[in-house]
Structure formats: structure tokens, C-alpha cells
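Chains as they are written, first to last, in the numbering used here: chain A, 2 to 325; chain B, -8 to 434; chain C, 2 to 326. Cβ coordinates follow ideal geometry from the N, Cα and C atoms, glycine included. All values reported here derive from a predicted model rather than from experimental measurement. Working notes, structure below.
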Amino acid sequence: MTTYRDAIRTALQTLLREDPRVFFMGEDVGRYGGPYAVSKGLLEEFGEDRVRDTPLCESTFVGAGIGAAIGGMRPIVEVMTVNFSLLALDQVVNNAAVMRHMSGGQFEVPLVVRMATGGGKQIAAQHSHSLENWYAHVPGIKVLAPATVQDAHDMLIAALEDPDPVVIFEHQMLYGVDGPLDTDATPPSPWKAAIRRPGTDVTVIAYGGSVPKALTAAEELEKEGVSAEVIDLRSLRPLDRDAIIGSVSRTHRAVLIDEAWKTGSLASEISAILAEDAFYELDAPIARVCTLEVPIPYAKHLEEAAIPQVDRIVEAAKRTVSGG
Amino acid sequence: MPSLGADMTAGTLAKWCVAVGDTVSQGDIIAEVETDKGLIEVEVFDAGVVEKLLVPEGEKVPVGTALAEIGTGTGSATAAVTAAVTAAVTATVPATVPAAGPVPASVPGSIISAGASEVDLGGPMASPAVRRRAHELDVALDGVRGSGDHGRITLDDVRGVAETSAAPVALSDRVRISPYARRIAIGRGVDIAEVRGTGPGGAIQASDVLGAKVQAPSRPATPAERMQRAIAVAMTRANDEIPHYYVEQSVDMGNALAWLRETNASLSVSERLVSGVLVLRAVARALRKHKKLNATWQGAEAVPCEEIHVGLAVSLRGGGLVAPALRNTDEGSLSELMARMTDLVARARAGTLRSSEMTSATITLTSLGERGVESVTPIIFPPQVAIVGCGATAERPWVVDGQVVARPVMRVTLGADHRVSNGHQGARFLSALDRLLQEPEKL
Amino acid sequence: MTLDISRDHALELLRDMIRIRRFEEKSAELYSKQKIRGFLHLYIGEEAVGVGAMHALREDDNIVATYREHGQALVRGIPAGEIMAEMYGKANGCSGGRGGSMHLFSAKRRFYGGHAIVGGGLPIAVGLALADKMKGEPRVTACFFGDGATDEGEFHESLNLAALWKLPVLFLCENNEYAMGTALHRHVSDRDIANNPPAYGVPADSVNGMDVIAVERAVHNEAELVRETSKPRFLELKTYRFRAHSMYDAELYRSKEEVEERKKQDPIDVFQARVLNDGMVTQTDIDAIEADAAKEIAAAVDFAEQGEWEPVEDITRHTYARDLS
Chain A
2 MTTYRDAIRT
12 ALQTLLREDP
22 RVFFMGEDVG
32 RYGGPYAVSK
42 GLLEEFGEDR
52 VRDTPLCEST
62 FVGAGIGAAI
72 GGMRPIVEVM
82 TVNFSLLALD
92 QVVNNAAVMR
102 HMSGGQFEVP
112 LVVRMATGGG
122 KQIAAQHSHS
132 LENWYAHVPG
142 IKVLAPATVQ
152 DAHDMLIAAL
162 EDPDPVVIFE
172 HQMLYGVDGP
182 LDTDATPPSP
192 WKAAIRRPGT
202 DVTVIAYGGS
212 VPKALTAAEE
222 LEKEGVSAEV
232 IDLRSLRPLD
242 RDAIIGSVSR
252 THRAVLIDEA
262 WKTGSLASEI
272 SAILAEDAFY
282 ELDAPIARVC
292 TLEVPIPYAK
302 HLEEAAIPQV
312 DRIVEAAKRT
322 VSGG
Chain B
-8 MPSLGADMTA
2 GTLAKWCVAV
12 GDTVSQGDII
22 AEVETDKGLI
32 EVEVFDAGVV
42 EKLLVPEGEK
52 VPVGTALAEI
62 GTGTGSATAA
72 VTAAVTAAVT
82 ATVPATVPAA
92 GPVPASVPGS
102 IISAGASEVD
112 LGGPMASPAV
122 RRRAHELDVA
132 LDGVRGSGDH
142 GRITLDDVRG
152 VAETSAAPVA
162 LSDRVRISPY
172 ARRIAIGRGV
182 DIAEVRGTGP
192 GGAIQASDVL
202 GAKVQAPSRP
212 ATPAERMQRA
222 IAVAMTRAND
232 EIPHYYVEQS
242 VDMGNALAWL
252 RETNASLSVS
262 ERLVSGVLVL
272 RAVARALRKH
282 KKLNATWQGA
292 EAVPCEEIHV
302 GLAVSLRGGG
312 LVAPALRNTD
322 EGSLSELMAR
332 MTDLVARARA
342 GTLRSSEMTS
352 ATITLTSLGE
362 RGVESVTPII
372 FPPQVAIVGC
382 GATAERPWVV
392 DGQVVARPVM
402 RVTLGADHRV
412 SNGHQGARFL
422 SALDRLLQEP
432 EKL
Chain C
2 MTLDISRDHA
12 LELLRDMIRI
22 RRFEEKSAEL
32 YSKQKIRGFL
42 HLYIGEEAVG
52 VGAMHALRED
62 DNIVATYREH
72 GQALVRGIPA
82 GEIMAEMYGK
92 ANGCSGGRGG
102 SMHLFSAKRR
112 FYGGHAIVGG
122 GLPIAVGLAL
132 ADKMKGEPRV
142 TACFFGDGAT
152 DEGEFHESLN
162 LAALWKLPVL
172 FLCENNEYAM
182 GTALHRHVSD
192 RDIANNPPAY
202 GVPADSVNGM
212 DVIAVERAVH
222 NEAELVRETS
232 KPRFLELKTY
242 RFRAHSMYDA
252 ELYRSKEEVE
262 ERKKQDPIDV
272 FQARVLNDGM
282 VTQTDIDAIE
292 ADAAKEIAAA
302 VDFAEQGEWE
312 PVEDITRHTY
322 ARDLS
């Protein structure tokens, strides 16, 4: 068994060893070993040229990553958390996403940006957001959300191979999670959703840190005679429409889990996809389980109440199935 | 009026900085224009002499309007420049240019001009709220006079129309059913009115439909029953929707029958003409000058038909009724029309009509003379807008040159759609029909 | 003072400044006629900066520019027709009609774009220099930006990062005294912009940006020092724009007298007078330059007019390497 954190480190090591164009930079990724201890030991192995501690200037070091990618390097940039990434949003949205298009295809940006996301550790309103939807909104970039140890490894490698800018969201509650890792297996396409648990009565769609919660909910639902199918979106842009529509066309019911605020969330987007392309498959109204419309509170009981939990998922699924 | 910014659609000519007769060169400021952003100087891109100022100070004009004419100053060039102005303005303001699209036409350098026009989207101006209210109250916005700015229709306008018109249409009782359940109900032939919903608010879900009894398939309708149903639908619609009016005229058929006897004397039995074909042709020829009756009703207006295809009502054994069309009934020889009519009636009775014949009639002729009735008051076949009915031709007292004599007389009735024509027009049509039947040799 | 440059070089510099001026005048005309749409920022008045700098840099150096970049692009060698076609939005434009006036690009000429987010190009330049440094390429990345960009955090971050990592970036600040319509003294606390970079360990200097010879020399010296030391340097080019910020504005923020006064330093007039005075160049030479420029621009307009519109079916091209759908 390997932890999610170690799986990412293994992938970083592989990439740094195999391709001299690859380098890794971000705040405290070197000496400190990474704010989530992902990159511990990498500075020692690869040196300061390829594992770079940056000043606290998200916009400029992400922009420098874009410039280096255009200039022929394969940078992997770590932004400590999604909330800090807002300071670099200009570079991602106004430069990385548009460079290929604006130059008529002359310049591409093979950049990987990694960041932690999500709540659950009582780190309050400025450090607990899920803003994956902000990035998934933008054409020109791709967005991945690994939910398993295997995906944490495979997706980083796939993202670096991709010629387009890819943003990877790692849920901070997952870093310590254990799971099997096979570094020799041929990984599935990172751009396709996965059925984590097949079922017949209701489709539960989740991504990132919500996937384990959806799986636990499915186990509880089974005890009550409800067979839930759990879909892990994996890629948030592009969204795997076929997988979403395919599953709901089998179960005719959909519960969408999203740790973002409900308004304008990816859950909203998936609802719209189902209303557009699976309307005649729906046997019950779509249900969304999202974060309540408040800044994430510090107090534990309030934080737990704010973000999606297993009981809310179970309740939503039961309501959808029974109509009650 | 030059484009002075990406968002500019019009500008006010605040001040002319040049006068007629002034010589200007490239880059000179010739005017000041007031825009949303403030006063902006307008430069000229050509050298020449100002020959005419086209827009007075203080006037607001759209981008693309020529502001001035600049020529060589000799006067002889003025005409050419003016022509160029006209050409350029015409060329640069095509109605179909999309608001943000590229402007394809080039602009001669000798004028200050360029631009696109505002696109008229058509239809009544009304806000979404007004449209929704109109829909709820079953008010057609096309007929509403707007009292708001620029004729915009307001909520009060809609309410006013709704109050003065008939009682509002009751909202239908919609069945609450999931989209998936509705789909499988249709697929399985389940009548959802019979299904009890167990979902929220009694909504029918797929499981409710799957547990429901499938409707027993009823005996398939016979062709005659199907036809009768179709007639019922068409006639009900005609009676409900079309404001009919009727005009009648008695026609002396003496000349027509005499001419027929004479003509038929030299023809073989199979080639002989019947009086019905004379009436058929006369109706068609009369329509040539009364085009309002030869039309179809399409949604909200009558669309005139270029060609005249008279439909002939044919009663079928077993009770059915069809009215197939004889295409271009006003053209060709009478004997040819006779042959086509005989063939059509035979095929109608044999059930071998072509679908085009069933749908292409532009007016219908129904004749019940054989049954001895004196007159017919027919109902229009939608979407046609007129129908002609003929009673029996029978000897009746008729005044000729002040003397009462017995003449063969036929009662002709025109039933027509009052939305399209009126009684006066209908009467003139019948007079024309009468005159045509008095000169059968010309038919 | 006598010029110690060759007649040929003097003609080259004059020719390029006149090319830019005439190109920009034609652009203004075509904008008024709605051939060119969107924002259009003209370089009139600032020609000496683009011409001097481009002649000082090497063909292999990287250029990152702003949205007011027609001048740099022209002198860098992007054909005038391709620039004009780009402003028309045609498929034969240098960015395929996807960029427009503010986003001219050329991979072949290492022209990494006009950038329209003020200050947004600076981190890109830092990254390009980082790539060169890591690969051991002896290249300088020249990054143009205006005085307004020095207000942005990215300016300060980029100076810091380039100095910290010893990256070969030449920061070229085109100070035209206005951040759009906000005068220098109203947007910076210290009007001497060259005072900023030394705080980050970046050597800084200033030069008269209306003097093409001075610009060329200064940029050449700075670029070669960057190349030698593999460390960033900063050069302020003091210049002035004669026209509105974008195509037309009401110019409420400066007086006509001010503009007229500054036009006395018109970089073309000044240089032309100088070389004529010296007898280095004759009026016949200038007439020939004007005639050539007119011909080049007429051909450019023709090229743009003849260009095709990209079919709407291809709209999603260049969003990703491969279409996602």
C-alpha cells in the first residue's frame, strides 16, 4: 500500500529522472519538502536547478512556468493551495489558456500546475475552498482531479505528456490516504470517468475528495436495499459526457456531489448536461449535494455541516429513489 | 461619421472646423464629434477641397453616414464624388450585415464614411414578462397596439386586450410524470391518465408505468371509418374556424345545354361532354379574375394560389366523400378536361387516387344535382377559402324579353371565407360564372 | 554633434521609423472605415524606441511585447501584409486572425506576442529566460512594457525573481508618461521609474526614447551586459505617444499644447533633420524611402484585402492540440 502523497512523489521522481526538460518549482517544495510533504527528498536527489523553491509570488512563478514551457521546458508548478492560486489566476486564464489560440497555433504551453484543494481540516475560510469549477470553466486548459492513489500517480504523468496546460487538483484530505499503486500497469485515459462501484437504482457522481464519501454512502445505501452506482469524474475538463449520460440512462436517477458551493458549480453543469441530453431518461428530479452557501467556518461541527458528508449523500439518494 | 471606438454606433457632429472651399490635407482635423466618451476630433485621410458639408452641427448620425464631400475644388469633380458617396453608402449598409461582423465592402477614400445599419429584428417589441403574460392570457402579441416607448407592448396593454376578448382559456390539467416514465408509457401504449403516481406530489414514475396494465388494442379502424374521422375533423375545424358567408344565383343553362346537344351530336358516345364539365370549366375560368377565392389560409393570412386546381367532390359507395383536384382546370380543351374528369371520378371510386390529387385543390366544386336537390350550402374544405355548390338543373319559369318561358335553371351557391373575401366579391364571381355559361362555345 | 554611424545604417533607421509611421497612419484610416476593429493602439511618436531596440537585439533573442507592438513586429521582420491581415482578422494574418492588433505572434522571429494584460508579459519573459538558462542558450529575452506596468505586482515580482535566479532578461520600460490616461505623477509614487529595479538588485538606466541612435546604443549595451553576466537589467526609454491611447479618445487627460510641444521632438523629424544637416542623407533618399513605404503598405493592404476569412467551422481550432470533442 502507498499513500496518495507518496504516489505523487513517485511520479515526480520518474518524470524528473526520465526527461531533462522537466523541472519542479513552487513555494517550499525544496528545503521544506513540500507543504504537504509531497516533494520530500527531491531537492537532495535532483538539485536546486530542477527543484526550485520560489519566492511567494504565485502570479510570477506560474507565469514563469508558462514562459519556460513555451521556451521548450516541461515545468511542473506547485501552487500550495487553490486559494493562493487566485493570485495566479491571471496567468492561467489570460496566458496559459489562450496562448495557443491567440498565436494561431504557433506557441503551445505544455505546463502542469498542481494544487491542493478542499476543506475538512479546520483551516477556515481562506484555506478550504473548492474552486475547481473556476478552472474547468476555461477553454484552453484541462483539469484533472485524482481521487485514488493510482490516479494521483498516473494523472501527473499523463498531464506532463499532454501538450496543453493541465491543472491538477489534489484534495488535501487525500494526501494521507492509503491505496494500491501499480507503477507498471498501463493507465486508463485520464480524460474518461470511471465507474468506482456499479449499481442499478441511482447514479452518484463525484470527483476528488468526494469520491470516498460517495463510496461510503453507496455501502450504506446497499444496506437499505438501494443499489447506487458511483461515478468518479476524474477529468473536470473535458467532462466525460458519455459516461455521465450512460450511467444515468441505466439508473434513471442522479445525485451529484460537489464540494464547491452549489451556485454555478460543476454539479450545476452536470445537471444541465443531464437536462439537455438525458431528459427522457430521468425518472426523478436531479439532486445536488454541495457545500452550503457560506464561507467555510472554522468550528469543526460547522465545517462538517457546511461541506458534503456521507449522511447527506445517503439522504439525497434515498429521496431520489423513493420519491419521499 | 467615422468609427471612433469599438463600441461607437453613432455620433453628434458638434462642430465643423472647416468650411466649404477650404483646402484640407491628410491628418487635418475637420470636425469635432460628441461621443459617449466625450468630444473627439475627426481627422481626414485625404487631401482636397471641402465641397459640401452634409451634416449640420448638432445633428446625431449613425456611423457610416457621409459627413462631407471632398473634391478637387474644380466643381467638375463634384458629381463624381457625390456618386461615390451614394455608392459607398449603399455598399456599406447592407441590411444583413451582422452587428459585429466584418464589413465587406470597400469605401472610397474621398469620403468620410463606413458603417453598418441597425438590424430590424421584426415582430412586436415586448419584454419576456409581457410575452409570458400574453401567453398565459392567450393574447396574440401581433394584434396588440403597444402604448410604451417606441410602440413597446406593456403588461397593461396585454391585460386590456385580455379583458375585452373572450373568456380566458382554462389551464389544462397536466399529469405529473417523470420524463422517463412518459417515454416508456408511450412506448408501451400505457394510458397515463389511468396510472396512479407514487412519486412526490403524486408524480408518476417509471415503476408506476411498468406496473400498469397495457391498454387493450382496439379493433383497427376500416378505411371508411378512417375517412369519416378525417372528414369529421376537417369539417369541424372549418365550421369552428372559418367565418362563412354565402351568395346564391340562378343560372339559365339553356344556352349551355343547347350547345352541348349540338356538339355531342357529332361525337362518339365515349367522347360526349356532360353539363358538369361546362360548370367545372366555368368555375375555373371565373376564378382567373377573382383570385381572392383561389387561395389557402396559412396560419394568419390567405396565400393566393398561382394555379387553379378545382377539387371535385365525389361521393363514394359506402358513404365516403373525397374531393380530388383536377390540376389547371382552366386550361386545355374541354374534351380533354372531360376525359380527365371521367378518369378522376373512376379512380376516386376505385380508391386509386394519388396523394397529390388529394391535397392540391385550391377550391372545391360540389354538385348534388343528380339527387334532385335545388341548392347546396356547402362547408369549405380547409385550408381552401371557397367552395361552389350546384343544385339540379330543372325547367323553371324564366322571364325572357318580358315573356315568362320555361328554361333549364341551375342554382349556384358560393360559400366563402369572410376573412379573405366579402359578399360583394362573391357576387361578382357568380355573375362572371353566369356570363361564362351563357357562351359555352368559348369554354 | 556628428553621427558616427554609416550612411547605410542611418538610412535603415530612418526607413524603419518611416515605415512604422506610415503603417500606423494607414491603420488609423482603416479603423475609421471599420476594416480594422476592436482596440487599436498606435505607435506614432514612439518609433525611435521600437526601431532602436530592434536594431540592437540579435535575431536569436526573444521578444515579448505589449498591445502597442506594431512597430516592434514590423522591424522584427513580420511582413507588413501579415500584420495588416491580422488586424483585418484574416486567416493569412500572423496569428491566423485569432489575435488581432494586440496579439501579433511569430515563432519564426521569436516574437512571443503582444500582451494585453498590463504587466502580464513580464513573468512570461522571466520563464523564457529561465528555459534558456537551464538549456545553456546564450540568449537575451527582451521584454517591453509601459510605465503603467510598473504599478503592477508582477513587475516587482518579476524583477525579484529574475534577479534571484540570475536570469537573462532585459526589461525595457517604454515610459510614455501615461498609463492609459493617468499621468505618471498620478500613478507612481516615485516618478523616476529607474529607481525601482536597483531595490531588487537589478541595474537600471534611462535613455531618451525619442533619439533612435541613443536608444540603439543603450539597448545594445544593456543586452550585451545581460548576455555576458546572465543577469537581468532594466532600461527606461523616455518617450511620448502623439495619438490617443487606443485609436481615438477625447484626450481629457492632457492638453493640446502639451502634445504640440512634445511633437517638436518627433523622433522622425529630429533624426531626419539631423542626417540631412550632416549631408549623410539627401532629400532624394527620403523621397525614395517614402515611396518604398507607400508601396509596402499598399501591398500590405492588398494582401489583407485578398486574405480569406477562416471558415466558422474551424472556430475551435487552436484551443487544444487536439480537438476535445
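In the DSSP assignment, the residues bridged to Arg198 (chain A) are A:Val231.
If you look at His172 (chain A), you'll find it in the beta strand (DSSP E) that goes Val167 to His172.
Secondary structure of His116 (chain C) (DSSP, three-state): strand.
When CB distances to chain A are screened at a threshold of 7 angstroms, the residues of the segment 172 to 192 of chain B falling below it are Ala172, Arg174, Thr189, Gly190 and Pro191, in chain order. In the three-state DSSP reduction, Asn84 (chain A) falls in the helix class (H, G or I). Taking Leu16 (chain A) as reference, the option from A:Leu267, A:Tyr208, A:Ala126 and A:Val52 with the minimal CA-CA separation is A:Val52.
Assigned with DSSP and collapsed to three states, Met100 (chain A) falls in helix. In this structure, the alpha-carbon of Val205 (chain A) lies about 15 angstroms from that of Glu270 (chain A). Interface with chain A (9 angstroms Cβ-Cβ cutoff): Ala203 (chain B) is excluded.
Proximity to Gly210 (chain A) across A:Val227, A:Thr292 and A:Pro298 peaks at A:Thr292, based on C-alpha coordinates. When the Cα atoms are used, Ala301 (chain C) and Glu309 (chain C) turn out to be separated by approximately 14 angstroms. The Cβ atoms of Tyr89 (chain C) and Glu70 (chain C) lie no closer than 9 angstroms to each other.
Ranked by Cα distance from Ile158 (chain A), the first of A:Tyr5, A:Leu13, A:Arg313 and A:Thr4 is A:Leu13. With respect to chain B, the C-beta atom of Ser247 (chain C) has a partner C-beta closer than 9 angstroms.
For Ser159 (chain C), same chain residues with a beta-carbon under 6 angstroms away, outside a window of 5 residues either side, are Leu123, Pro124 and Val127 in chain order.
With respect to the C-alpha of Glu432 (chain B), the residue from B:Arg173, B:Pro234 and B:Thr254 having the closest C-alpha is B:Thr254. Here Leu129 (chain C) is buried: its Cβ has 16 or more other Cβ atoms, across all protein chains shown, within 10 Å.
Per the coordinates, the alpha-carbon of Ser28 (chain C) lies some 19 angstroms from the alpha-carbon of Gly114 (chain C).
Within its own chain, the residues whose Cβ lies closer than 6 angstroms to the Cβ of Ser366 (chain B), once the five positions on either side in sequence are excluded, are Gly382, Arg402 and Thr404, listed in chain order. Distances from the CA of Gly202 (chain C) to each of C:Lys167, C:Arg323, C:Gly182 and C:Asp193 were compared; the closest alpha carbon is that of C:Lys167.
With contacts defined by Cβ atoms closer than 9 angstroms, Phe112 (chain C) and Ala66 (chain C) form a contacting pair.
Nearest Cα to Glu430 (chain B) within the set B:Gly245, B:Gly142 and B:Lys283: B:Gly245.
When C-beta atoms of the segment 131 to 142 of chain C are compared with those of the segment 46 to 65 of chain C, three or more pairs fall below 8 angstroms, so the two segments count as touching. Unbroken alpha helix (DSSP H) stretches of 4 residues or longer found wholly inside the segment 243 to 290 of chain A: 267 to 278, given in chain order. Boundaries for Pro239 (chain A): no beta strand (DSSP E) harbours it, and the DSSP string shows neither H nor E there. Looking at A:Leu240, A:Asp50 and A:Arg251, the one whose alpha-carbon comes closest to that of Ala273 (chain A) is A:Leu240.
The continuous beta strand (DSSP E) containing Trp288 (chain B) extends over residues Ala286 to Gln289. At a cut-off of 9 angstroms between beta carbons, Asp183 (chain A) makes no contact with chain C. Out of B:Ile370, B:Ala249 and B:Trp288, the CA that lies nearest to the CA of Val400 (chain B) is found in B:Ala249. With 16 or more other Cβ atoms inside 10 Å of its own Cβ, Gln92 (chain A) counts as buried. Using a Cβ-Cβ cut-off of 7 angstroms, Glu282 (chain A) is close to Tyr171 of chain B, given in chain order.
Against chain B, the CB of Glu261 (chain C) has no partner CB under 9 angstroms away; the residue lies outside that interface.
DSSP places Gln240 (chain B) outside any alpha helix (DSSP H); the residue lies instead in the beta strand (DSSP E), whose first and last residues are His235 to Asp243.
In this structure Met2 (chain A) touches Gly180 (chain A) by the C-beta definition: roughly 7 angstroms separates them, less than 8 angstroms. The three-state secondary structure of Met(-8) (chain B), taken from DSSP, is coil.
For the segment 249 to 263 of chain A, the set of positions with a beta-carbon nearer than 7 angstroms to some beta-carbon of chain B reads His253 in chain order.
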